[in-house]
Amino acid sequence: MGLELHWLDQPLTWLYWTGLHVTGWKLIGYTGALMFGGRWLVQFIASKRAGKPVIPRLFWYMSVVGSLMTLSYFLFSAKQDSVGVLQNLFPAFTALYSLHLDIKHRGWNRDRASH
158 MGLELHWLDQ PLTWLYWTGL HVTGWKLIGY TGALMFGGRW LVQFIASKRA GKPVIPRLFW
218 YMSVVGSLMT LSYFLFSAKQ DSVGVLQNLF PAFTALYSLH LDIKHRGWNR DRASH
């Protein structure tokens, strides 16, 4: 018995007034894309505050979650696009590994200033 997620392929009725055809999967994909892109804003703000290039841990969390959300969209939605899967699989792996290294070297409760 598989996990039934077909309801995510249905248009969201509360968005009909916009004229847009948005499904649950598209909403997941949009959110993931915004999170993945928004990580650069987080990195910019952290670097500006530090006065040097830094990558805060939030950058890696946003990378992982954003990649996994967009990967889910391309894997499980009606789209099932292999290009999108490949496009998001490598960044998800890289972000997970970088997050692992960050936690390994700086610990769970690192000082905010020690980017």
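Under the working numbering, the first residue of the sequence shown is numbered 158, with each subsequent residue one higher.
Heads up, the beta-carbon is just placed ideally off N, CA and C, and yes, glycines get one too.
As the structure is a prediction and not an experimental result, all values here were calculated from the model.
* Asked: What does Thr-180 pair with, by DSSP beta-bridge criteria?
  -> The count along the sequence shown starts at 1 and reaches residue 180 at position 23. Its beta-bridge partners are Pro-168.
* Asked: Is Trp-217 helix, strand or coil when you go by DSSP?
  -> Residue numbering aside, residue 217 sits at position 60 when the sequence shown is read from its first letter. It is helical.
* Alpha-carbon to alpha-carbon, Gln-237 and Pro-213 -> In the sequence shown, counting from the first residue as 1, residue 213 sits at position 56. In the sequence shown, counting from the first residue as 1, residue 237 sits at position 80. Looking at the two C-alpha atoms, the distance is approximately 32 angstroms.
* Straight-line CA distance for Leu-256 to Ser-229? -> Counting from 1 along the sequence shown, the entry for residue 256 is found at position 99. Counting from 1 along the sequence shown, the entry for residue 229 is found at position 72. Near 20 angstroms, if we compare the C-alpha coordinates of Ser-229 and Leu-256.
* Asked: Would you say Gly-181 and Leu-165 are within 8 angstroms of each other, going by their C-beta atoms?
  -> As a first step, residue 181 is located in the sequence shown; it is residue number 24 there, counting from the start. As a first step, residue 165 is located in the sequence shown; it is residue number 8 there, counting from the start. Going by C-beta atoms, Gly-181 is nearer than 8 angstroms to Leu-165.
* Asked: From Val-199 to Gln-167, what does the alpha carbon distance come to, in whole angstroms?
  -> Taking the first residue of the sequence shown as 1, we reach residue 199 at position 42. Taking the first residue of the sequence shown as 1, we reach residue 167 at position 10. When rounded, the distance between both Cα atoms is 33 angstroms.
* Asked: Per DSSP, what kind of secondary structure is Val-211 in: helix, strand or coil?
  -> As a position in the sequence shown, residue 211 is number 54, starting the count at 1. Val-211 falls in the coil class under three-state DSSP.
* Could you pull out every residue in the same chain whose Cβ sits closer than 8 angstroms to the Cβ of Gly-194, ignoring the five residues on either side in sequence? => Taking the first residue of the sequence shown as position 1, residue 194 is located at position 37. Same-chain partners within the cutoff: Gly-223.
* **Pair within 8 angstroms by beta-carbon distance, Met-219 and Arg-196** => For this step, residue 219 is matched to residue 62 along the sequence shown. For this step, residue 196 is matched to residue 39 along the sequence shown. Cβ distance < 8 angstroms, so Met-219 and Arg-196 count as in contact.
* How long is the line joining the alpha carbons of Val-221 and Leu-243, rounded to whole angstroms? -> As a first step, residue 221 must be located in the sequence shown, where it is residue number 64. As a first step, residue 243 must be located in the sequence shown, where it is residue number 86. Looking at the two C-alpha atoms, the distance is approximately 15 angstroms.
* Own chain partners of Leu-253 with C-beta closer than 6 angstroms, once the 5 adjacent residues on each side are dropped -> The residue given as residue 253 occupies position 96 in the sequence shown. Answer for Leu-253: Val-221, listed in chain order.
* To do: Assign Gln-200 to one of three DSSP states: helix, strand, or coil.
  => Working through the sequence shown from its first residue, we reach residue 200 at position 43. Gln-200 falls in the helix class under three-state DSSP.
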